[in-house]
Amino acid sequence: QKEVEQDPGPLSVPEGAIVSLNCTYSNSAFQYFMWYRQYSRKGPELLMYTYSSGNKEDGRFTAQVDKSSKYISLFIRDSQPSDSATYLCATLTGTASKLTFGTGTRLQVTL
Amino acid sequence: NAGVMQNPRHLVRRRGQEARLRCSPMKGHSHVYWYRQLPEEGLKFMVYLQKENIIDESGMPKERFSAEFPKEGPSILRIQQVVRGDSAAYFCASSPPGGLTEAFFGQGTRLTVV
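As given, the protein sequences belong to chains S and X, one line each in that order. All you need for this note's numbering is the position in the first sequence, starting with 1, plus 2. Residue 94 in this note's numbering sits at position 100 of the second sequence, and the numbers go up by one each step.
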């Protein structure tokens, strides 16, 4: 079993839709939960991260962590064609020296 | 303020040759991480280095792969006697001390072994 599971998609939505991206994880020691955006043939770019459970909002993006069910989510409101990319979730323990990534979900926002 | 610089962006090597990938961290960052991304897969951790020290190499293949981060100059990921299975995108990230939540990634080096 992979430590972080993520549906690879692709996920196609119309412009303006609310997008929900999700990951599950198995290691209870994970404390930090990150979301990266990766455009084609580019490096990953950190969107936001949360520590432990709860919600965090940044503009059109909301990250949510439910440690009881080991479930992490990223919501994108009013999606735009420029949001079309692969979204990677990643986790980190408090003492670890490495990020553990999901496989990424490819999102396509259509006009 | 330049970001994490990786070069070359694209590298083609024949089987059995050596590949050298370079990474210059962001200004003020002393920690470097290397990740490998195979097609349709997420990023896999390879190695974590500080200046002149390898801190965690648990993700490095036991043979043919090595990494260094000298006192002066960029970090180098070296792959000897490349095989087709080494074809992948290799990403470097850098961070300040203890700051993986503040890590920035480079644009990657795409290695193709022919």
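Cβ atoms here follow ideal geometry from the backbone N, Cα and C, with glycine treated the same way. Predicted model, so just to flag it, every value in this text is computed and none were measured.
**Asked** Does DSSP put L90/S in a helix, a strand or coil?
**Response** The count along the first sequence starts at 1 and reaches residue 90/S at position 88. Strand.
**Prompt:** What residue range is occupied by the uninterrupted beta strand (DSSP E) comprising S14/S?
**Reply:** Within the first sequence, residue 14/S is the residue found at index 12, counting from 1. From DSSP, the beta strand (DSSP E) with S14/S extends over L13 to P16.
**Message:** As a quick exercise: from K72/S, G104/S, E47/S and R39/S, pick the residue whose alpha carbon is nearest that of F32/S.
**Reply:** Locating residue 32/S in the first sequence gives position 30, where the first residue counts as 1. The shortest C-alpha separation from F32/S is found at K72/S.
**Prompt:** Can Q66/S and I78/S be called in contact, C-beta distance under 8 Å?
**Reply:** The residue you call residue 66/S lines up with position 64 of the first sequence. The residue you call residue 78/S lines up with position 76 of the first sequence. Going by C-beta atoms, Q66/S is not nearer than 8 Å to I78/S.
**Request:** Please name the residue in G22/X, V26/X, S18/X and Q31/X whose C-alpha comes closest to that of L105/X.
**Result:** Within the second sequence, residue 105/X is the residue found at index 111, counting from 1. Taking only the C-alpha atoms, the option nearest L105/X is Q31/X.
**Message:** Against chain S, with Cβ distances strictly below 8 Å, would T106/X count as a contact?
**Reply:** Mapped onto the second sequence, residue 106/X falls at position 112. Judged by the 8 Å Cβ criterion, T106/X is not in contact with chain S.
**Any chain X beta carbon closer than 8 Å to S42/S** = Locating residue 42/S in the first sequence gives position 40, counting from the first residue. Not an interface residue.
**Request:** Quick one: grab the DSSP three-state call for L94/X.
**Result:** As a working mapping, residue 94/X is identified with position 100 in the second sequence. Taken through DSSP and simplified to helix, strand or coil, L94/X comes out as helix.
**Asked** Taking C-beta to C-beta, are G67/X and A83/X nearer than 8 Å?
**Response** Counting from 1 along the second sequence, the entry for residue 67/X is found at position 73. Counting from 1 along the second sequence, the entry for residue 83/X is found at position 89. Cβ atoms of G67/X and A83/X: not closer than 8 Å.
**Message:** Bridge partners for I70/X per DSSP, in chain order?
**Reply:** Taking the first residue of the second sequence as position 1, residue 70/X is located at position 76. DSSP lists R16/X and E62/X as partners of I70/X.
**Asked** Looking at the structure shown, is G79/X part of a helix, part of a strand, or coil, going by DSSP?
**Response** Start at 1 with the first residue of the second sequence, and residue 79/X comes out as number 85. Helix at G79/X.
**Request:** Please go through the same chain and pick out, in chain order, the residues whose beta-carbon is closer than 6 Å to the beta-carbon of L37/X, but skip the five residues on each side of it.
**Result:** If you number the second sequence from 1, residue 37/X lands on position 43. Excluding sequence neighbours, L37/X sits near Y29 and Q31.
**Prompt:** Counting only beta-carbon atoms, is K100/S nearer than 8 Å to chain X?
**Reply:** On the first sequence, position 98 is the one that residue 100/S refers to. Chain X contact via Cβ: present.
**Helix, strand or coil at S85/S [DSSP, three-state]** = Position 83 of the first sequence, counting from 1, holds the residue named residue 85/S. Ser is not the amino acid found at residue 85/S; the sequence shown has Asp there. Three-state DSSP puts D85/S in a helix.
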